[in-house]
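Residues in the sequence shown are numbered consecutively from 21, following this note's numbering.
Contents: one structure, followed by commentary.
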Amino acid sequence: MKRVILILALIAVLYSTWTFIGRDELPLKPDAHPDRIEDLSAQDSLCSKNIVGIQPYMLPADYQSKDHFYEKLKSYFNEASKAGYFKTNTVVLLPEYLGTWLVVSHEKHLVIEASSITYAMTLMVLSNPLQFIKAYTKGLSEGDAFAAALFRMKAQAMAHIYAEVFMKLASEYAVTINAGSIVLPGPAIHNSNQINVDLSKPLYNTSFIFYPDSTIDQIVTRKSFPISSEQPFVSAYPINELRAYNLSVGKTAVLICADSWYPESYAQISELKAQVVLVNSYCSGENTMAARWKGYDGGNKPGDVNDDDIGKLTEQEAWIKYALPGRLKSCGATIGANVFLRGQLWDLGSDGQPFFIKDGNLLPMQKSDKSGIWNLCF
């Protein structure tokens with residue numbers, strides 16, 4: 021019996037030791053070399069206001085720590101600054117889920133180097149057993165309690181890194197930033213410089229605005245139409261609660277990815293009398309945009325959708341017809357921009373090219389297979 025107890029004690033010690041080792045930070049290797057840096061403005065146009073869309077190419081290692089995340093994004097901001105795109109009234113647009121993968125911050129190297137997202141998340145649970153159990157007990161009976169617990173477990177650290185990095189970038193480059201999106205429970209702004217989370221509240225896919233004076237706008241934009249892969253752990257927020265931001269480029273509404281596909285979003289934007297619409301997006305899988313469109317994902321198909329387009333249009337063509345490029349005119353806004361997250365994030369894949377709309381016209385632009393930076397003056 022004593023021998024069994026000793027063996028169990030040894031296993032417990034080894035397991036406890038394993039959970040702590042392998043968390044030291046890997047060397048910083050920001051590898052931002054944009055495939056494309058393009059000015060979409062007419063050569064003779066005045067540039068009193070502009071939107072700079074950044075399509076970053078992210079890797080798991082970019083999320084290992086605050087320094088890794090900051091240095092990767094700073095490398096893109098440096099390129100945009102060198103191109104002369106940052107001006108007095110600049111707004112920088114970043115993609116959906118850019119902050120979400122901070123869920124792996126300060127995790128073991130094995131998590132960063134895992135071959136699949138499922139394996140990475142499993143390793144996170146095994147290396148944080150007590151924290152995971154505590155977060156699991158705070159769940160709200162989500163369909164995917166496993167994923168929900170992981171995001172609750174890391175929510176405070178995620179929110180802190182996200183806020184600190186984007187406040188710093190906004191101040192350093194004297195620009196306003198729509199910092200993509202991040203999944204957090206019950207997010208709220210405290211003292212204009214801190215994102216608080218409430219672990220007892222639902223998880224939302226959220227977007228924030230950061231200003232050059234290192235403050236965060238009190239308005240928190242939450243996704244209203246989560247897709248099927250999100251619905252088991254991300255809650256929908258009423259679209260009639262969408263609010264507009266008073267930015268240097270004009271009154272601005274932010275939509276998170278799938279929200280840009282629904283007429284209800286544009287009806288609300290029309291009520292808000294927004295002049296600019298910014299969209300943060302992520303499209304999973306490789307070469308998804310060239311595949312046949314499978315129809316609406318997660319929500320009811322709007323009445324203006326032609327059933328014949330399903331299986332006929334490509335995903336890219338469907339985006340142009342039924343998302344921001346095709347629906348912007350309906351809300352009265354004249355400027356629209358939409359950027360996508362690209363990267364090699366475990367086995368998730370990524371696809372998508374930006375859309376920029378000016379005065380109702382979808383602007384021609386050169387594509388980027390990985391990362392890119394585009395500037396639109398108006």
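Note that the Cβ used here is the ideal one computed from N, Cα and C, for glycine as well.
query, result
"If the criterion is Cβ atoms closer than 8 Å, does the pair residue 377 and residue 333 meet it?", "no"
"Which residue comes first and which comes last in the beta strand (DSSP E) that contains residue 343?", "Looking at the DSSP string, residue 343 is not in any beta strand (DSSP E), and its letter there is neither H nor E."
"Could you give the first and the last residue of the continuous beta strand (DSSP E) run that contains residue 226?", "223–230"
"Going by other Cβ atoms of all chains shown within 10 Å of its Cβ, with 16 needed for buried, is residue 157 buried or exposed?", "exposed"
"Which residues in the same chain as residue 24 place their Cβ atom closer than 8 Å to its Cβ, once the five residues preceding and following it in sequence are excluded?", "At residue 24 the pLDDT is 49, less than 50, meaning the model places this residue with poor confidence; the figure from the coordinates comes in the next sentence. Nothing listed; no residue qualifies."
"Between residue 35 and the rest of its own chain, which residues show a CB-CB distance below 7 Å, the 5 nearest in sequence each way excluded?", "Residue confidence is low: residue 35 scores 47 on pLDDT, short of 50, so the model does not pin down where it sits. Its coordinate-derived value is still stated next. Excluding sequence neighbours, residue 35 sits near nothing in its chain."
"What is the DSSP secondary structure of residue 185, reduced to helix, strand or coil?", "helix"
"Report the residue from 368, 141, 230, 274 whose alpha carbon sits nearest the alpha carbon of residue 243.", "274"
"In whole angstroms, what separates the C-alpha of residue 347 from that of residue 283?", "7 Å"
"Just the C-alpha distance for residue 69 and residue 395, rounded to the nearest angstrom, thanks.", "10 Å"
"Do residue 223 and residue 168 count as a contact pair if the criterion is CB distance below 8 Å?", "yes"
"Report the three-state DSSP secondary structure of residue 364 (helix, strand or coil).", "coil"
"Determine the burial state of residue 47: buried for a count of at least 16 other Cβ atoms within 10 Å of its Cβ, exposed for fewer.", "exposed"
"Give a yes or no on whether the C-beta atoms belonging to residue 76 and residue 124 are separated by under 8 Å.", "no"
"In three-state terms, what does DSSP make of residue 67?", "coil"
"Excluding the 5 residues preceding and the 5 following residue 392 in the sequence, name in chain order all residues of the same chain whose CB lies nearer than 6 Å to its CB.", "54, 55, 56, 75"
"Do the segment 227–241 and the segment 192–210 touch if we need at least three Cβ pairs shorter than 8 Å?", "yes"
"Per DSSP, which one or two residues make a beta bridge with residue 127?", "Residue 127 is not bridged to any residue."
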